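Visitor:
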Amino acid sequence: MDWEELAHGKGHWLLVAAALVGVWLAFGHTAHPPVLSNWGGDVVQQNMVPQPNALSALFSKQATQTTGLASDPHPQEMAWGNPLDSTRCVMTQGYGVGSHAPAAVWGAVDLAIDGNGGGQATPEGTFGAPVYATMSGVVKLAANTYPAGNHIWVSGEHFKTGYSHLKGFAVADGASVKRGQLIGYVGSTGESSGPHLDYQVWKDGANVNPLDYGALPK
Ligand SMILES: [Zn+2]
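Just so we're aligned, residue 1291 is where the sequence shown starts under my numbering, counting upward by one.
Encoded structure:
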């Protein structure tokens, strides 16, 4: 079959097929790597049952790199500090952008762990990482919600903090907690494209930027 046949005869479809295979070879068959900077997107993942035993290595790794959240001098009643209590915490989606817009409705920051020190969030370092209350308050649990997945509110008189997409809970509904107290584990439940913590801060009923309340470690 020569070029003329290919271009004008039945071979036309062979050309189309060959072109499609070419496109597939060039782009389609490459596995799409997780886009770390886009976590918080629209892929819904199955909820998972907490498996504390498998997380002990993460906990010990975390324990050597804490930010001192539990002993932070800010008043307990206000939200303050990094809820992952880790110097390796990185932000994967900022405040008021993407799925965090408009900020008045769902202002949050997405936080994850740089598990290998490479400067970027890693799913392995993030999944199952402990989540800590950033203020004293009363816990309200909500399991399997959408889009927040397994979600915790910690509420006080003026402040309220939200922790979304959790793998599991470490406190009971209605419990009183202090800043730095373990409340759950990072997961990817609800509307989430990978393990991360969606963290919100509300003050007197208004959504505020968690970065103004120490959400990222210095
Ligand atoms: Zn988010």
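Virtual Cβ for every residue (Gly too), placed ideally from N, Cα, C.
Only a predicted model underlies this, so the values are computations on that prediction, with no experimental measurement involved.
1. With hydrogens ignored, establish whether the beta-carbon of histidine 1364 is closer than 7 Å to any heavy atom of ligand 1.
2. Would you decide whether aspartate 1463 is buried or exposed? Buried here means 16 or more other CB atoms lie within 10 Å of its CB.
3. In its own chain, which residues sit with a C-beta less than 8 Å from the C-beta of glutamine 1385, not counting the 5 before and 5 after it?
4. Work out the CA separation of threonine 1412 and glycine 1358 for me, nearest whole Å.
5. Under 7 Å from any heavy atom of ligand 1, does the C-beta of serine 1389 make it?
6. DSSP three-state label for serine 1361, please.
7. Report the three-state DSSP secondary structure of serine 1389 (helix, strand or coil).
8. Tell me whether lysine 1457 is buried or exposed, calling it buried when 16 or more other Cβ atoms sit within 10 Å of its Cβ.
9. Are glycine 1371 and arginine 1469 touching if we call contact CB-CB under 8 Å?
10. From alanine 1438 to aspartate 1404, what does the alpha carbon distance come to, in whole angstroms?
11. For a minimum of 4 consecutive residues, which ranges assigned as the alpha helix (DSSP H) are wholly contained in the segment 1369–1435?
12. When the Cα atoms are used, what is the spatial distance from alanine 1460 to glycine 1418?
13. For a quick check, are the C-beta atoms of methionine 1425 and valine 1444 less than 8 Å apart?
14. Given 7 Å as the limit, tell me if aspartate 1488 has its C-beta closer than that to any heavy atom belonging to ligand 1.
15. Between tyrosine 1422 and the rest of its own chain, which residues show a CB-CB distance below 7 Å, the 5 nearest in sequence each way excluded?
16. Is the Cβ-Cβ distance between histidine 1486 and alanine 1402 less than 8 Å?
17. Quick one: is methionine 1425 near chain D, going by C-beta distance under 8 Å?
Guide: Looking at the atomic coordinates:
1. no
2. exposed
3. The displayed chain sequence assigns tyrosine, not glutamine, to residue 1385. These residues qualify, in order along the chain: Ala1393, Gly1397, Ala1398, Val1399, Asn1499, Pro1500, Leu1501.
4. 22 Å
5. yes
6. helix
7. helix
8. buried
9. yes
10. 23 Å
11. 1393–1396, 1413–1416
12. 12 Å
13. yes
14. yes
15. Leu1359, Pro1373, Asp1375, Gly1470, Gln1471, Leu1472, Ile1473
16. yes
17. Included in the structure is just one protein chain, with no chain D present.
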